[in-house]
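Contents: one structure, followed by commentary.
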Amino acid sequence: MKNMDLSYYPGCTLKTKAKNFEDSAIASMAVLGVNLVELPRWNCCGTVYSLAEDDLIHHVAAVRTLVRVKERGNGRVATLCSFCYNTLKRADLLMRNDPEKRNTLNSFMDEEIDYNGEVEVLHLLQVLRDDLGWEAISRKVKTPLTDLKVAPYYGCTLLRPQEAAIDVVERPTVLQELLQLLGAKVIDFPFSTECCGSFQIINRPDFITERSQAILGLAQRQGAEAMVLSCPLCSFNLGRAQNELIQRDSSFQSMPIIYFTQLLALSLGIDPEICGFDLNFGEPRSLLESKGLIT
Amino acid sequence: MNRIGVFICHCSLSPLPPAASKQVVGNIGSHPSVVYAAIHQEMCLDPGLEQITRVVEQHHLDAVVLTTCSPSVHAGTFRQSMSSAGLVDHQVEIVDLKAKGTRNTTGDIETSAEGLIDLINASVDRLRRNDFSRTTESPVIKRALVIGGGVAGLQSALDIAEGGYEVVVVEKTPSIGGHMLQYSEVFPTLDCPQCIMTPKMVEVSQHPAITLLTYAEVQQVRGVPGNFEVDILQKARKVDHHKCTGCGTCWQKCPEKVSSEFDVGVTTRTAIYIPFPQAVPSKPVIDTEHCRYTRYLQFLEEKGEGKKPPQCRICEKLCPTEAIDWDQQPEILTEKFGAIVLATGFELMPLEQVPEYSEDPDVINGIQFERILAPGGPTSGVVFRPSDGKTPREVAFISCVGSRDPERGVPYCSRVCCMYLAKQAMLYKHAVPDGEAYVFYIDTRSTGKGYEEFIQRAIEEGVMYLRGKVSRVFRDGEKLIIWGVDTLSGHRVEVACDLVVLGMAIVPTPGIKDLAEKLGILTDEAGFITESHPKLRPVETLVPGIYVAGTAQGPKDIPDSVAQASGAAAKVLTLFSKNKILVEEPAVG
Chain F
1201 MKNMDLSYYP GCTLKTKAKN FEDSAIASMA VLGVNLVELP RWNCCGTVYS LAEDDLIHHV
1261 AAVRTLVRVK ERGNGRVATL CSFCYNTLKR ADLLMRNDPE KRNTLNSFMD EEIDYNGEVE
1321 VLHLLQVLRD DLGWEAISRK VKTPLTDLKV APYYGCTLLR PQEAAIDVVE RPTVLQELLQ
1381 LLGAKVIDFP FSTECCGSFQ IINRPDFITE RSQAILGLAQ RQGAEAMVLS CPLCSFNLGR
1441 AQNELIQRDS SFQSMPIIYF TQLLALSLGI DPEICGFDLN FGEPRSLLES KGLIT
Chain Z
31 MNRIGVFICH CSLSPLPPAA SKQVVGNIGS HPSVVYAAIH QEMCLDPGLE QITRVVEQHH
91 LDAVVLTTCS PSVHAGTFRQ SMSSAGLVDH QVEIVDLKAK GTRNTTGDIE TSAEGLIDLI
151 NASVDRLRRN DFSRTTESPV IKRALVIGGG VAGLQSALDI AEGGYEVVVV EKTPSIGGHM
211 LQYSEVFPTL DCPQCIMTPK MVEVSQHPAI TLLTYAEVQQ VRGVPGNFEV DILQKARKVD
271 HHKCTGCGTC WQKCPEKVSS EFDVGVTTRT AIYIPFPQAV PSKPVIDTEH CRYTRYLQFL
331 EEKGEGKKPP QCRICEKLCP TEAIDWDQQP EILTEKFGAI VLATGFELMP LEQVPEYSED
391 PDVINGIQFE RILAPGGPTS GVVFRPSDGK TPREVAFISC VGSRDPERGV PYCSRVCCMY
451 LAKQAMLYKH AVPDGEAYVF YIDTRSTGKG YEEFIQRAIE EGVMYLRGKV SRVFRDGEKL
511 IIWGVDTLSG HRVEVACDLV VLGMAIVPTP GIKDLAEKLG ILTDEAGFIT ESHPKLRPVE
571 TLVPGIYVAG TAQGPKDIPD SVAQASGAAA KVLTLFSKNK ILVEEPAVG
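In the order they appear, the protein sequences are chains F and Z.
For the first sequence, the working numbering assigns the number 1201 to the initial residue and increments by one for each residue that follows.
For the second sequence, the working numbering assigns the number 31 to the initial residue and increments by one for each residue that follows.
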């Protein structure tokens, strides 16, 4: 059967620090029957959805990307980075629900066609759960992640605000369900929806270290061997912080931070080289080797 | 009828502006059948009523339309007054001035002339065609049905029976007693509920005028006020209660263990069981969903695959009076009643509705903690936490869980949580004097007699009150971590506890909507029974002869439930003091 095409918006980090996220996602989706087709023109999503009432200029980047999707005649676009998902999704909601701001933005972007909320913004986890379905995915699993104890970590941008949430806000299960069907042992992790500190990394790095210590510490106490997530910023924050924590206190155990698509790729039998584990924080290689998942 | 009078009431609180009143009078006055139309001042007062009566006589009116405040309050007064002027039921129409009203900018209800004119015209047309009375006199069957055997139902039953009339109490569980018996001690006096409730239960079971139907449900209701015919489903107990002596051998020996409803899962019961030691009747029923032998029979019937369940039948072998009756079938009893009291009680909102407070064995609801505290409970009152049976050193109590939360729970206040959480915290401190009790609250609502003093006593006894809501409860190893806020100091609070007790919202019993439909009465948005008038007719429902008592009508504490139950009984006795009542149309069925 021919693979289905799905428009794909990478975002900046996926081309640099999180290249492993992108590569493992594209390879996995191809195996699962979906071609992630990168938009031929795209720009930064804007990173942070601005909440200021009069700060419409910050939404232009996101809306422009949605226009690019619409121009291609596509009704849906998939994202990988949770932050991009959040920014695009909320820009879409703004354009759907606020006619006044929609008009202002559309008139401002006079070189583009108007955007009125024609595109469905999806996170890849939604595509896996809702389009493909768990059963279809489980049939393709070749190497179950047996014995791998993982903590699913959502952070905030997949779930908040409620209108943009891809799952139940207080108790999401999508990552847990996916990891379980890949054969991993998912630990009960109460901090799976705690914020890592996000962009506060710029002006309050100590705050991020503090948050990360709490999040990683609880995951370790609950018996997790790795943290699984979908956000390059969470990955960076947790990873950078744990390096700092180890420097401060040599007894602090490091924990591999892994993108869910990397584990998906491994379990689908895709060459681990594609997963680019060298880019990960917390050195996942030795853990995965010890479980016999890579050599 | 073609000599109709239309009276528009006016007072300073009328929703109809004076100019609109005049417009209505002008419009209606031109109707060919209307011979009199005018604005009258304060029709509900004696001078007003006298004036209407005079007009009826002067103008030889043969029918009237009275446009007044809510008929649910005033209809009686007006009908009585009109009958003295010679106009009976089918000659009197009452139009609610507010029926077509809308809220204006200041929040008051305002009625437009156009809307009212339509209503009055409709009433006038009805009167023109009303040639004969549609009301009939119906004999009152002086026998009452009480649905629900909790404290409210039993109080109503006893009051009616003491008034000299027969009462049937229908209770869906195997024993009467209701929630009250589950409690450890009751606020603000710290009485033992068993001590004050069991005598009432025995009195009910021994009263010559009261018939108890436990393990039974109301299935269908037909008839008119004063004369209801009710089908009652007696579920199959599989135990012949005439033969059974209640010796207890069967439930001591039954090998099948099931989570106990009475102890809310804190302990187990057997498949043949009485729900709790003081049960009335003290004779068991077999829970056919869990009994090994009935599961075996079911297996044979369905020709299921795999291993057969064991045949068991230990209870049958051990019963000294051969009371086990596997062939017993559910029965429908059809009985007649003149009045019905609905006292179906409440439930707590399920814990699953607050995922942020964790699915943990040590996060429990208020009734579960009552069982843990109860001197007659699983550990005779030695406090423990469910996960490992250890004594909790720190306990957090969270109020308003689900209540006062229109976004995610229910908008109303459940009224008793502030009090019972204070009581539980206090009792916990009595049981574990060196333990810490934290109560997270929005504000404490302690409006009953002796209630505020009770809260102050809890604080004086060392219960820590923290004003603020809790955002999360989660497990970190041995402890449950509570993230909250103390809005008085403005600080975030993190407390590590061993046990968390949630003051869950009180919600109506499931199935009440169904029952209300069968009875032809209404439930409100939350699902509680709607009373006839929220202030002046609080125990009557919209169907005459059907009354409501206790938490079926809304959250309330024990004294209020009992007071309302006695009120409902008084209404039943008032009805039974008459031999006949006027019935307009078949109300039910």
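Just so it is clear, CB atoms sit at the ideal spot from N, CA and C, and this is done for glycine as well.
A quick note: this is a predicted structure, and the numbers were derived from the prediction, not measured.
Cβ-Cβ distance between residue 376 of chain Z and residue 585 of chain Z below 8 Å: For the purposes of this step, residue 376 of chain Z is identified with residue 346 of the second sequence, where counting begins at 1. For the purposes of this step, residue 585 of chain Z is identified with residue 555 of the second sequence, where counting begins at 1. Yes, the Cβ-Cβ distance between residue 376 of chain Z and residue 585 of chain Z is below 8 Å.
Between the CA atoms of residue 570 of chain Z and residue 606 of chain Z - distance to the nearest angstrom: Taking the second sequence and counting its residues from 1, the one referred to as residue 606 of chain Z is at position 576. Taking the second sequence and counting its residues from 1, the one referred to as residue 570 of chain Z is at position 540. Spanning the two alpha carbons is a distance of roughly 15 Å.
Should residue 610 of chain Z and residue 113 of chain Z be called a contact, given that it needs their Cβ atoms to be closer than 8 Å? Position 580 of the second sequence, counting from 1, holds the residue named residue 610 of chain Z. Position 83 of the second sequence, counting from 1, holds the residue named residue 113 of chain Z. For residue 610 of chain Z and residue 113 of chain Z, no; Cβs fall outside 8 Å.
Buried/exposed call for residue 454 of chain Z, threshold 16 Cβ in 10 Å: Reading the second sequence from its first residue, position 424 is the one you call residue 454 of chain Z. Residue 454 of chain Z should be labelled buried.
Comparing alpha-carbon positions, which option in Z:415, Z:146, Z:187 and Z:106 lies nearest residue 232 of chain Z? Translated into the one-based positions of the second sequence, residue 232 of chain Z becomes position 202. Closest option to residue 232 of chain Z, judged by alpha-carbon separation, among Z:415, Z:146, Z:187 and Z:106: Z:187.
Taking 8 Å as the CB-CB cut-off, is residue 1410 of chain F touching chain Z? Numbered from 1 along the first sequence, position 210 holds the residue referred to as residue 1410 of chain F. Taking Cβ atoms only, chain Z never reaches closer than 8 Å to residue 1410 of chain F, which makes this a no.
On the three-pair Cβ rule with 8 Å, is the region 562–577 of chain Z touching the region 366–374 of chain Z? Short answer: they touch.
Please list, in chain order, the residues of the region 1364–1392 of chain F that have any C-beta partner in chain Z closer than 8 Å. 1368, 1370, 1371, 1388, 1390 and 1391
Using a beta-carbon distance below 8 Å, is residue 1359 of chain F in contact with chain Z? Translated into the one-based positions of the first sequence, residue 1359 of chain F becomes position 159. Not closer than 8 Å to any Cβ of chain Z, the Cβ of residue 1359 of chain F fails to qualify, so no.
State the beta-bridge partners of residue 1235 of chain F as determined by DSSP. Taking the first sequence and counting its residues from 1, the one referred to as residue 1235 of chain F is at position 35. For residue 1235 of chain F, which the question treats as bridged, DSSP gives the partners F:1205.
Could you spell out the range, first to last residue, of the beta strand (DSSP E) harbouring residue 523 of chain Z? Position 493 of the second sequence holds residue 523 of chain Z. Unbroken beta strand (DSSP E) run through residue 523 of chain Z: 521–527.
State yes or no: is the C-beta of residue 1503 of chain F within less than 8 Å of the C-beta of residue 1385 of chain F? This structure cannot settle anything about residue 1503 of chain F, because the visible part of chain F is limited to 1201 through 1495.
Enclosing alpha helix (DSSP H) for residue 230 of chain Z [first to last residue]: As a working mapping, residue 230 of chain Z is identified with position 200 in the second sequence. Residue 230 of chain Z -> alpha helix (DSSP H) spans 223–236.
Short of 8 Å in beta carbon distance, which residues of its chain neighbour residue 40 of chain Z, apart from the five on each side in sequence? Order them along the chain. Along the second sequence, one-based indexing puts residue 40 of chain Z at 10. Cβ within range, chain order: 46, 48, 51, 69, 70, 71 and 72.
CA nearest to the CA of residue 391 of chain Z, picked from Z:296, Z:301, Z:312 and Z:365: Position 361 of the second sequence, counted from the first residue, corresponds to residue 391 of chain Z. The shortest C-alpha to C-alpha distance from residue 391 of chain Z to any of Z:296, Z:301, Z:312 and Z:365 is the one to Z:296.
Supposed contact pair residue 1494 of chain F and residue 1228 of chain F - C-beta distance, whole angstroms, cut 8 Å: For this step, residue 1228 of chain F is matched to residue 28 along the first sequence. For this step, residue 1494 of chain F is matched to residue 294 along the first sequence. Residue 1228 of chain F to residue 1494 of chain F, Cβ: 15 Å. No contact.
CA-CA distance, residue 89 of chain Z and residue 141 of chain Z? Here residue 89 of chain Z refers to the residue found at position 59 of the second sequence. Here residue 141 of chain Z refers to the residue found at position 111 of the second sequence. Going from the Cα of residue 89 of chain Z to the Cα of residue 141 of chain Z covers about 29 Å.
Does the structure place the region 191–206 of chain Z close enough to the region 236–254 of chain Z that three or more beta carbon pairs sit under 8 Å? yes
If you draw a straight line from the alpha carbon of residue 617 of chain Z to that of residue 125 of chain Z, how long is it in whole angstroms? On the second sequence, residue 617 of chain Z is found 587 positions in, with the first residue counted as 1. On the second sequence, residue 125 of chain Z is found 95 positions in, with the first residue counted as 1. Low local confidence applies: a pLDDT of 37 at residue 617 of chain Z is under 50, so the model's placement there is unreliable, with the coordinate-based value given in what follows. The C-alpha of residue 125 of chain Z is placed about 20 Å away from the C-alpha of residue 617 of chain Z.
Quick one, which of Z:267, Z:174, Z:465 and Z:533 has its alpha-carbon nearest residue 435 of chain Z's? Taking the second sequence and counting its residues from 1, the one referred to as residue 435 of chain Z is at position 405. With distances taken between Cα atoms, residue 435 of chain Z lies closest to Z:533.
For a contact defined as C-beta to C-beta under 7 Å, what are the partners of residue 1251 of chain F on chain Z? Residue numbering aside, residue 1251 of chain F sits at position 51 when the first sequence is read from its first letter. Taking the beta carbon of residue 1251 of chain F as reference, no residue of chain Z falls within 7 Å; the closest one sits roughly 20 Å away.
Is there contact between the region 1212–1220 of chain F and the region 1271–1291 of chain F, where contact requires at least three CB pairs shorter than 8 Å? yes
Any Cβ of chain Z within less than 8 Å of the Cβ of residue 1214 of chain F? Residue 1214 of chain F sits at position 14 when you count from the first residue of the first sequence. Not an interface residue.
So residue 470 of chain Z contacts chain F; which residues on that side make the cut at Cβ distance below 7 Å? For the purposes of this step, residue 470 of chain Z is taken as the residue at position 440 of the second sequence. Within chain F, no C-beta atom comes nearer than 7 Å to that of residue 470 of chain Z; the closest sits roughly 18 Å away.
Is there a Cβ of chain F sitting closer than 8 Å to that of residue 271 of chain Z, yes or no? In the second sequence, counting from the first residue as 1, residue 271 of chain Z sits at position 241. Not an interface residue.
What in chain Z is Cβ-close to residue 1404 of chain F, meaning under 7 Å? In the first sequence, the residue the question calls residue 1404 of chain F occupies position 204. By Cβ distance, chain Z contributes nothing, its closest Cβ being about 17 Å from residue 1404 of chain F, past 7 Å.
Determine contact between the region 1477–1484 of chain F and the region 143–161 of chain Z, defined as no fewer than three beta-carbon pairs at a distance below 8 Å. no
Name the residue from Z:396, Z:313 and Z:182 whose alpha carbon lies nearest to the alpha carbon of residue 215 of chain Z. Numbered from 1 along the second sequence, position 185 holds the residue referred to as residue 215 of chain Z. Per the Cα distances, Z:396.
With DSSP as the reference, please indicate the residues paired to residue 513 of chain Z in a beta bridge. For the purposes of this step, residue 513 of chain Z is taken as the residue at position 483 of the second sequence. In DSSP, residue 513 of chain Z forms a bridge with Z:502 and Z:524.
Below 7 Å on C-beta distance, what does residue 505 of chain Z contact in chain F? Taking the second sequence and counting its residues from 1, one reaches residue 505 of chain Z at position 475. Near residue 505 of chain Z (Cβ distances below 7 Å), the residues of chain F are 1390.
Same chain only: Cβ atoms within 7 Å of residue 543 of chain Z, ignoring 5 sequence neighbours per side: Locating residue 543 of chain Z in the second sequence gives position 513, where the first residue counts as 1. Cβ neighbours of residue 543 of chain Z beyond the five flanking positions: 553 and 557.
Neighbourhood of residue 1488 of chain F by C-beta, 6 Å cutoff - its chain only, sequence neighbours within 5 removed: Your numbering for residue 1488 of chain F matches position 288 in the first sequence. So the list reads 1494, once near-sequence residues are dropped.
Would you say residue 309 of chain Z and residue 288 of chain Z are within 8 Å of each other, going by their C-beta atoms? As a position in the second sequence, residue 309 of chain Z is number 279, starting the count at 1. As a position in the second sequence, residue 288 of chain Z is number 258, starting the count at 1. The answer is no: Cβ separation not under 8 Å.
Is the Cβ of residue 508 of chain Z closer than 8 Å to any Cβ of chain F? Taking the first residue of the second sequence as position 1, residue 508 of chain Z is located at position 478. Closer than 8 Å: no.
Roughly how many angstroms lie between the CA atoms of residue 1473 of chain F and residue 1313 of chain F, to the nearest whole one? Residue numbering aside, residue 1473 of chain F sits at position 273 when the first sequence is read from its first letter. Residue numbering aside, residue 1313 of chain F sits at position 113 when the first sequence is read from its first letter. Going by the C-alpha atoms only, they are around 41 Å apart.
Coarse secondary structure for residue 118 of chain Z, derived from DSSP in three states: On the second sequence, position 88 is the one that residue 118 of chain Z refers to. Reduced to three states, the DSSP call for residue 118 of chain Z is coil.
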